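Reading through the structure tokens given below for one structure.
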Amino acid sequence: MTEDQALTEEQIQEFLNTYSAWELRDGWLRRKFGTPGWSHTLMLVNTIGYLAEAGNHHPDLNVGYAAVTVKLQTHKVRAITAKDTSLAQKIEETVLWQPAEDSALDGFPKKWVH
1 MTEDQALTEE QIQEFLNTYS AWELRDGWLR RKFGTPGWSH TLMLVNTIGY LAEAGNHHPD
61 LNVGYAAVTV KLQTHKVRAI TAKDTSLAQK IEETVLWQPA EDSALDGFPK KWVH
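All letters in the sequence shown, in the order written, are residues 1 to 114 by the UniProt record's numbering.
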């Protein structure tokens with residue numbers, strides 16, 4: 001495994017330009033996800049937990065009734081590294097997935113995670 005190296009401001013900005021729902025605040029990448037309610041919040045937390053364990057990189061989570069805030073920072077270097085942006089991308093890709101219009105799957109009928 002390579003040494004954790006802090007990303008440059010330009011690299012972080014490139015990530016933020018692509019993933020505009022994420023922000024850099026107080027040295028952390030952050031994103032707040034809204035959900036339809038408590039049961040979906042728990043599914044979201046479990047999904048993020050699964051991805052974090054699979055990647056062996058763990059975010060801080062703030063959990064409420066219909067919202068989850070994800071905070072990412074590589075604790076060892078107290079900075080944003082490629083581990084943080086990679087996990088953020090995987091979280092974004094996984095939790096915002098919805099069936100395509102032509103899919104055999106219907107998708108959740110109410111407002112999903114956003």
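From the three backbone atoms N, C-alpha and C, an ideal C-beta is built for every residue, glycine too.
Predicted, not measured: the structure shown is a model, and the values here were computed from it.
Among the options, the one whose alpha carbon lies nearest that of residue i
i           : options            : result
G55         : A79, L61, D84, G27 : D84
L24         : F108, A79, W97     : A79
S20         : K76, I12, Y50      : I12
A88         : A6, T8, W22, E9    : W22
N46         : T74, T94, E9       : T94
K110        : G37, Q73, L7, A104 : G37
S39         : E92, Y65, G49      : Y65
residue 119 : G49, E9, E92       : Residue 119 lies beyond the range of the chain shown here (1 to 114); nothing can be said about it.
C-beta contact flag for residue i and residue j at 7 angstroms
i   : j   : result
T35 : L44 : yes
V63 : F33 : no
Cβ-based burial, residue i [other Cβ within 10 Å; buried from 16]
i    : result
T41  : buried
L96  : exposed
L70  : In the sequence as displayed, the identity of residue 70 is Val instead of Leu. V70 comes out buried.
L105 : exposed
Q73  : buried
Beta-carbon proximity list for residue i, same chain, < 8 angstroms, skipping 5 on both sides
i   : result
K90 : L51, G55
Q5  : V77, T81, A82
I48 : P59, L61, V68, V70, I91, V95
Same chain, Cβ closer than 7 angstroms to residue i, neighbours up to 5 away in sequence not counted
i    : result
G107 : Q98, P99
E10  : none
Beta-carbon contacts of residue i that lie in its chain and below 6 angstroms, excluding the five residues immediately before and after
i    : result
H114 : G34
S86  : none
M1   : Any reading at M1 needs caution, since the residue's pLDDT is 45, under 50, leaving its predicted position unreliable; the model's value is listed next. Excluding residues within five positions, none has a Cβ falling inside 6 angstroms.
Can at least three beta-carbon pairs, one atom from the stretch 13-24 and one from the stretch 57-64, be found at a separation below 8 angstroms?
Contact between the stretch 13-24 and the stretch 57-64 is not established, with fewer than three Cβ pairs separated by less than 8 angstroms.
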